[in-house]
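Enquirer: Chains as they are written, first to last, in my numbering: chain A, 3 to 461; chain B, 3 to 461.
There are 2 protein chains.
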Amino acid sequence: MAVVMSQDDMRAHLAQGDLLTLREALADLHPADLANLVGGLPPSEAAKLMRALSPAQQGKVFGYFGPRFQIAMARHIARPDFARIVTDMSHDERADLWKALSPDQRATLLPALAQAEREDIRRLAAYPEGTAGAAMTSDYATLAPDMTVAEAIAHLRAEAPDAETIYTAYVIDADRKLLGVISLRDLILTDERRSISDLMMLNAASGRVDEPLREIAERIATYDVHALPILTDGERLVGIVTIDDALDIGREAGAATLARFGATGALQGDDLDMRGSTLGRIFRVRLLWLALLSVFGVVTAGYIAGQEALLAEVLILAAFVAPIIDMGGNTGSQSATLVIRAMALGQLRLQARDMWFVIRREMPVLLGLGLVVASLMATLAGVGQAITPQVLWVIWLTMLVVTVTGGVLGAVLPFAAKRLGTDPAAMSAPLITSIMDLVGVVIYFAIAWALLGPVAGAS
Amino acid sequence: MAVVMSQDDMRAHLAQGDLLTLREALADLHPADLANLVGGLPPSEAAKLMRALSPAQQGKVFGYFGPRFQIAMARHIARPDFARIVTDMSHDERADLWKALSPDQRATLLPALAQAEREDIRRLAAYPEGTAGAAMTSDYATLAPDMTVAEAIAHLRAEAPDAETIYTAYVIDADRKLLGVISLRDLILTDERRSISDLMMLNAASGRVDEPLREIAERIATYDVHALPILTDGERLVGIVTIDDALDIGREAGAATLARFGATGALQGDDLDMRGSTLGRIFRVRLLWLALLSVFGVVTAGYIAGQEALLAEVLILAAFVAPIIDMGGNTGSQSATLVIRAMALGQLRLQARDMWFVIRREMPVLLGLGLVVASLMATLAGVGQAITPQVLWVIWLTMLVVTVTGGVLGAVLPFAAKRLGTDPAAMSAPLITSIMDLVGVVIYFAIAWALLGPVAGAS
Numbered sequence: 003m004a005v006v007m008s009q010d011d012m013r014a015h016l017a018q019g020d021l022l023t024l025r026e027a028l029a030d031l032h033p034a035d036l037a038n039l040v041g042g043l044p045p046s047e048a049a050k051l052m053r054a055l056s057p058a059q060q061g062k063v064f065g066y067f068g069p070r071f072q073i074a075m076a077r078h079i080a081r082p083d084f085a086r087i088v089t090d091m092s093h094d095e096r097a098d099l100w101k102a103l104s105p106d107q108r109a110t111l112l113p114a115l116a117q118a119e120r121e122d123i124r125r126l127a128a129y130p131e132g133t134a135g136a137a138m139t140s141d142y143a144t145l146a147p148d149m150t151v152a153e154a155i156a157h158l159r160a161e162a163p164d165a166e167t168i169y170t171a172y173v174i175d176a177d178r179k180l181l182g183v184i185s186l187r188d189l190i191l192t193d194e195r196r197s198i199s200d201l202m203m204l205n206a207a208s209g210r211v212d213e214p215l216r217e218i219a220e221r222i223a224t225y226d227v228h229a230l231p232i233l234t235d236g237e238r239l240v241g242i243v244t245i246d247d248a249l250d251i252g253r254e255a256g257a258a259t260l261a262r263f264g265a266t267g268a269l270q271g272d273d274l275d276m277r278g279s280t281l282g283r284i285f286r287v288r289l290l291w292l293a294l295l296s297v298f299g300v301v302t303a304g305y306i307a308g309q310e311a312l313l314a315e316v317l318i319l320a321a322f323v324a325p326i327i328d329m330g331g332n333t334g335s336q337s338a339t340l341v342i343r344a345m346a347l348g349q350l351r352l353q354a355r356d357m358w359f360v361i362r363r364e365m366p367v368l369l370g371l372g373l374v375v376a377s378l379m380a381t382l383a384g385v386g387q388a389i390t391p392q393v394l395w396v397i398w399l400t401m402l403v404v405t406v407t408g409g410v411l412g413a414v415l416p417f418a419a420k421r422l423g424t425d426p427a428a429m430s431a432p433l434i435t436s437i438m439d440l441v442g443v444v445i446y447f448a449i450a451w452a453l454l455g456p457v458a459g460a461s
Numbered sequence: 003m004a005v006v007m008s009q010d011d012m013r014a015h016l017a018q019g020d021l022l023t024l025r026e027a028l029a030d031l032h033p034a035d036l037a038n039l040v041g042g043l044p045p046s047e048a049a050k051l052m053r054a055l056s057p058a059q060q061g062k063v064f065g066y067f068g069p070r071f072q073i074a075m076a077r078h079i080a081r082p083d084f085a086r087i088v089t090d091m092s093h094d095e096r097a098d099l100w101k102a103l104s105p106d107q108r109a110t111l112l113p114a115l116a117q118a119e120r121e122d123i124r125r126l127a128a129y130p131e132g133t134a135g136a137a138m139t140s141d142y143a144t145l146a147p148d149m150t151v152a153e154a155i156a157h158l159r160a161e162a163p164d165a166e167t168i169y170t171a172y173v174i175d176a177d178r179k180l181l182g183v184i185s186l187r188d189l190i191l192t193d194e195r196r197s198i199s200d201l202m203m204l205n206a207a208s209g210r211v212d213e214p215l216r217e218i219a220e221r222i223a224t225y226d227v228h229a230l231p232i233l234t235d236g237e238r239l240v241g242i243v244t245i246d247d248a249l250d251i252g253r254e255a256g257a258a259t260l261a262r263f264g265a266t267g268a269l270q271g272d273d274l275d276m277r278g279s280t281l282g283r284i285f286r287v288r289l290l291w292l293a294l295l296s297v298f299g300v301v302t303a304g305y306i307a308g309q310e311a312l313l314a315e316v317l318i319l320a321a322f323v324a325p326i327i328d329m330g331g332n333t334g335s336q337s338a339t340l341v342i343r344a345m346a347l348g349q350l351r352l353q354a355r356d357m358w359f360v361i362r363r364e365m366p367v368l369l370g371l372g373l374v375v376a377s378l379m380a381t382l383a384g385v386g387q388a389i390t391p392q393v394l395w396v397i398w399l400t401m402l403v404v405t406v407t408g409g410v411l412g413a414v415l416p417f418a419a420k421r422l423g424t425d426p427a428a429m430s431a432p433l434i435t436s437i438m439d440l441v442g443v444v445i446y447f448a449i450a451w452a453l454l455g456p457v458a459g460a461s
């Protein structure tokens with residue numbers, strides 16, 4: 003944890019080529035802290051600093067960087083050194099790096115890798131982004147069902163898998179079909195002479211290579227397991243996704259939900275990221291949303307412009323367009339947030355029963371909110387400006403209807419999005435706001451015509 | 003995984019009191035699946051079904067329910083049975099239940115518990131919600147530094163801690179001061195005669211009892227550990243937070259960020275939850291936000307009403323209030339989303355350097371977005387309605403200025419919130435929208451007076 007050397011001292015030693023002092027100073031640092039230090043340097047200096055680390059440290063530290071920085075550093079690392087680092091990386095991170103390399107870079111790297119690594123990389127890199135197959139590692143321990151506990155422990159000692167993956171062993175038959183699962187804890191606590199097939203847990207939770215990662219992470223959380231075995235359609239074991247990965251996946255899923263709800267989510271590919279996305283990409287994704295919302299806005303403006311007769315008569319109506327359309331967007335965003343959140347936590351599913359549950363719960367709340375806020379707004383408006391009672395009634399009634407309509411729409415839209423196969427959070431707050439703008443002004447002028455129309459016509 | 007019995011069959015057996023058939027059918031189910039089954043029943047029936055489970059299953063299943071359902075069930079469970087269930091629960095979940103019990107319920111339960119459990123509960127329940135102390139468990143394995151590996155393994159076998167907590171052992175001295183950490187993997191892979199003090203890792207990552215849970219979860223993810231030891235100020239070991247907990251904490255932190263950004267977050271206590279929060283609480287929290295936003299809205303309306311002279315002259319200006327204020331809110335929400343997301347992922351911190359980084363990155367994007375959207379909006383407006391060129395210039399210039407202003411405000415507000423010690427996501431999309439309404443109309447009419455004022459005055 004303790005940083006032994008300041009970044010300036012580090013760069014000074016680096017400039018002098020004094021790698022020995024650096025190696026000693028950095029020997030006890032955790033790879034995460036090392037990555038933090040190294041990642042703050044320009045790629046060329048970072049590559050030089052890597053040489054001061056022990057070979058075992060290099061592979062671990064390298065895995066902490068994003069593919070972009072990894073590739074930038076790789077340009078400054080000798081090919082054999084780079085091949086060794088890649089060999090030492092964890093299998094899933096290695097596959098991610100591979101996907102980010104250009105065909106040229108791949109061709110340079112490939113001959114330097116051992117046959118086993120080459121096949122492993124190709125196999126893992128073949129699964130589409132966001133599936134269990136793309137995130138799994140092929141680094142796990144397997145046992146045969148006819149082993150004794152003593153033999154199993156001896157086998158694990160000989161294989162010496164990673165710390166992440168030693169604690170659960172997978173019992174497979176000759177075809178790699180998954181028969182059962184056994185934990186290192188059970189092996190340690192049991193009589194050495196018992197047989198694995200007696201002790202292993204049958205029907206353990208598992209996932210399939212083509213399942214979305216978010217579901218895999220949820221299953222790991224639900225069943226409190228340290229890793230989930232990943233199977234092909236033929237029930238063959240092809241990898242595991244560990245709880246460490248589930249932690250990262252959960253974090254990214256939360257970030258993606260927020261990004262989409264804030265209208266910065268991409269329709270395809272990664273969502274926008276302040277640090278990672280290029281300016282061009284940030285511009286394009288945001289523009290897509292803003293342009294779409296502007297078109298909504300022009301339609302709304304056109305509708306208001308069409309109400310000229312009424313507006314010319316009762317000009318004060320124009321002043322309340324803003325708070326009324328906001329109200330619909332705000333209740334709508336609130337309702338959508340609650341539904342999207344409950345869906346992300348697995349509390350609500352795409353089924354009619356759950357949608358009705360939401361609407362039944364929302365209705366009394368929305369009516370209550372509408373009544374209180376409509377009265378508040380009408381009172382404040384009446385105190386502040388010279389407004390006729392009829393116009394106050396229009397404002398009151400509109401606020402009530404818009405609050406309830408906005409809330410119901412906000413609650414239903416995430417279900418609609420999920421039905422269409424997209425992320426419920428794609429019903430972003432700005433989108434709901436823009437839809438409710440148009441709905442809000444239509445309601446507003448309909449109520450205004452109904453209550454004020456005769457007055458306007460009579461004058 | 004496989005559900006062996008339909009819920010109807012289950013309730014039929016339950017009504018007949020046929021617990022034996024139920025016990026056999028449910029024997030192999032995972033506690034998470036059992037909890038799913040049991041949790042779907044009314045509390046009285048759920049309590050009856052619990053009796054069909056083996057004692058070992060009961061404690062595990064019970065831990066999966068929320069405190070509200072636990073308490074409802076407890077009313078239908080005999081006191082000695084309930085005491086046994088509570089004793090078998092995991093330590094942190096037990097402390098959570100304790101906090102939710104009324105003083106009466108506590109007084110009933112307490113005499114039935116063993117002394118050790120009573121002290122454990124009281125100690126864990128004393129830490130404030132949301133801190134490491136409140137989420138940690140006191141169920142972990144400790145070793146002495148002078149043990150050999152063989153002695154350490156024998157000690158672990160004798161203590162037989164939970165699956166979650168056996169894989170890392172904590173080396174402490176006579177005062178419970180944490181000296182080092184050693185993994186079961188290292189114990190298994192090493193020569194049996196070596197000493198723990200030689201093998202243990204010094205300077206392992208740790209947390210303090212009063213640290214926020216979110217930071218603890220982040221540290222678990224950063225250092226890829228299965229559990230984080232939690233220390234008091236005197237460096238004494240008092241508990242651990244496991245990676246399982248980190249998974250739940252991360253999920254809840256993501257949900258809380260979304261809830262706050264959607265203006266459904268509480269200022270204090272839990273954020274709103276569609277399933278869990280009472281209608282009264284949902285109403286109060288939402289009303290607080292909507293009322294606040296309505297006050298903004300009335301101020302905006304008052305400002306627009308004050309522009310009567312200009313509006314009466316150029317009525318078409320009223321029509322474009324809606325799309326213009328939306329634009330500011332939408333870019334503002336986008337910028338805020340990107341900043342809040344980057345803060346939640348630990349990419350941005352509360353420091354001047356990071357704020358300038360954001361503004362430098364946002365500026366070119368916002369100018370580009372403003373130019374494109376302003377031109378789009380002015381073109382669409384010009385095609386659709388009979389509008390003078392001067393008014394089109396007003397719309398174009400306003401859209402440009404509002405887009406840039408909204409984006410900068412949205413990017414800066416989360417920093418301001420964090421500076422004030424609140425969650426950056428408390429700068430919710432609706433709040434940013436409402437602030438930008440007022441800013442937007444002020445900009446709009448200022449530009450309109452500047453460009454159209456003489457025309458209006460001349461007529």
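Think of the CB as a built atom: it goes at the ideal place given N, C-alpha and C, for glycine as much as any other residue.
Please confirm whether Leu186 (chain A) and Thr170 (chain A) have their CB atoms less than 9 Å apart.
Expert: yes
Enquirer: Apart from the five residues on each side of it in sequence, which residues of its chain come closer than 6 Å, Cβ to Cβ, to Trp100 (chain B)?
Expert: Once the five neighbours on either side are set aside, the close Cβ partners of Trp100 (chain B) are Ile123 and Ala127.
Enquirer: In this structure, how does DSSP classify Ser46 (chain A) when only helix, strand and coil are distinguished?
Expert: helix
Enquirer: Please classify Ala454 (chain A) as buried or exposed, where buried requires at least 16 neighbouring CB atoms within 10 angstroms.
Expert: Looking at the sequence provided, one finds Leu at residue 454 (chain A) rather than Ala. With 16 or more other Cβ atoms within 10 Å, it is buried.
Enquirer: Quick one: list the residues of chain A neighbouring Glu310 (chain B), beta-carbon separation under 7 Å, in chain order.
Expert: Leu317
Enquirer: Quick one: is Ala450 (chain B) near chain A, going by C-beta distance under 9 Å?
Expert: no
Enquirer: Just the C-alpha distance for Ala29 (chain A) and Phe263 (chain A), rounded to the nearest angstrom, thanks.
Expert: 44 Å
Enquirer: Express the C-alpha separation of Ile174 (chain A) and Leu233 (chain A) in angstroms, rounding to a whole number.
Expert: Here the alpha carbon of Leu233 (chain A) sits roughly 12 Å from the alpha carbon of Ile174 (chain A).
Enquirer: Using 8 Å as the cut-off, can you tell me whether the stretch 396-414 of chain A makes contact with the stretch 307-327 of chain B, which would need three or more C-beta pairs spanning the two stretches below that distance?
Expert: no
Enquirer: What residues from chain A crowd round Gly370 (chain B), counting only those whose CB sits closer than 7 Å?
Expert: Phe285
Enquirer: Any beta carbon of chain B sitting closer than 9 Å to that of Pro366 (chain A)?
Expert: yes
Enquirer: Are Gly132 (chain B) and Gly241 (chain B) touching if we call contact CB-CB under 9 Å?
Expert: no
Enquirer: Looking only at C-alpha atoms, which of A:Ala450, A:Thr390, A:Leu352 and A:Arg221 sits nearest to Leu399 (chain A)?
Expert: A:Ala450
Enquirer: Where Ala80 (chain A) and Lys50 (chain A) are concerned, what is the direct C-alpha to C-alpha distance, given to the nearest angstrom?
Expert: Cα-Cα distance, rounded: 11 Å.
Enquirer: Do Met401 (chain B) and Met345 (chain B) come within 9 Å of each other at the CB atom, strictly closer than that value?
Expert: no
Enquirer: In chain D, which residues lie with their C-beta within 8 Å of the C-beta of Gly256 (chain A)?
Expert: This model lacks chain D altogether, as its protein chains are A and B.
Enquirer: Taking Cβ-Cβ distances shorter than 8 Å, what residues in chain B pair up with Pro426 (chain A)?
Expert: The contact set of Pro426 (chain A) on chain B, defined by CB atoms closer than 8 Å, is empty, because the minimum CB distance reaches about 11 Å.
Enquirer: Under DSSP, the alpha helix (DSSP H) around Leu412 (chain A) begins and ends at which residues?
Expert: It should be pointed out that residue 412 (chain A) corresponds to Gly in this sequence rather than to Leu. Gly412 (chain A): member of the alpha helix (DSSP H) spanning Pro391 to Arg421, first to last residue.
Enquirer: Going by beta carbon distance, what residues of the same chain come within less than 6 Å of Ala458 (chain A), once the five residues before and after it are set aside?
Expert: Note that Ala458 (chain A) scores 49 on pLDDT, short of 50, meaning its location in the model is unreliable; the coordinates nonetheless yield the value given after this. So the qualifying residues of the chain are Leu312 and Glu315.
Enquirer: In chain B, which residues lie less than 7 Å from Ser335 (chain A) when you measure between Cβ atoms?
Expert: Gly264, Ala265, Ala431 and Pro432
Enquirer: Against chain B, with Cβ distances strictly below 9 Å, would Thr390 (chain A) count as a contact?
Expert: no
Enquirer: Pull up the distance between the alpha-carbon of Tyr225 (chain A) and that of Glu220 (chain B), whole angstroms please.
Expert: 21 Å
Enquirer: In the DSSP assignment, find the beta strand (DSSP E) that holds Gly182 (chain A) and state where it starts and stops.
Expert: It spans Leu180 to Ser185 - the beta strand (DSSP E) in which Gly182 (chain A) sits, taken as one unbroken run.
Enquirer: Counting only the same chain and skipping the five closest in sequence on each side, list residues whose C-beta sits under 6 Å from that of Ser461 (chain A).
Expert: Here the model assigns Ser461 (chain A) a pLDDT of 42, short of 50, so the residue's position is not dependable, and the following value carries that caveat. There are no such residues.
Enquirer: Just the Cα atoms here: how many angstroms apart are Asp48 (chain A) and Ala255 (chain B)?
Expert: It is Ala, not Asp, that sits at residue 48 (chain A) in the sequence shown. Each residue's alpha carbon lies about 33 Å from the other.
Enquirer: Grab me the residues of Val5 (chain B)'s own chain with a C-beta within less than 6 Å of its C-beta, minus the 5 sequence neighbours each way, in chain order.
Expert: For Val5 (chain B), the predicted structure reports a pLDDT of 49, less than 50, and the residue's modelled location is therefore unreliable. The matter cannot be settled from this model.
Enquirer: For Gln349 (chain A), return the contacting residues in chain B, with the cut-off set at a CB-CB distance below 7 Å.
Expert: Met276 and Arg277
Enquirer: For Ala265 (chain B), tell me which candidate among A:Thr266, A:Gly267, A:Ala268 and A:Leu260 has the shortest Cα-Cα distance.
Expert: A:Leu260
Enquirer: Using three-state DSSP, classify Arg355 (chain B) as helix, strand or coil.
Expert: Three-state DSSP puts Arg355 (chain B) in a helix.
Enquirer: For Met91 (chain B), does the three-state DSSP call read helix, strand or coil?
Expert: In this structure, DSSP gives Met91 (chain B) a state outside helix and strand, which the three-state scheme calls coil.
Enquirer: Go ahead and pull the three-state DSSP assignment for Val441 (chain A).
Expert: Val441 (chain A): helix per DSSP, three-state reduction.
Enquirer: So who's on the other strand from Met203 (chain B), going by DSSP bridges?
Expert: B:Val183
Enquirer: If I'm right that Ile155 (chain B) touches Leu189 (chain B) with Cβ under 8 Å, what's the distance once you round it to whole angstroms?
Expert: 6 Å
Enquirer: Give me the chain B residues within the contact set of Ser436 (chain A), using Cβ-Cβ distance strictly less than 7 Å, ordered along the chain.
Expert: Asp328
Enquirer: Just the Cα atoms here: how many angstroms apart are Val443 (chain A) and Gly331 (chain A)?
Expert: 12 Å
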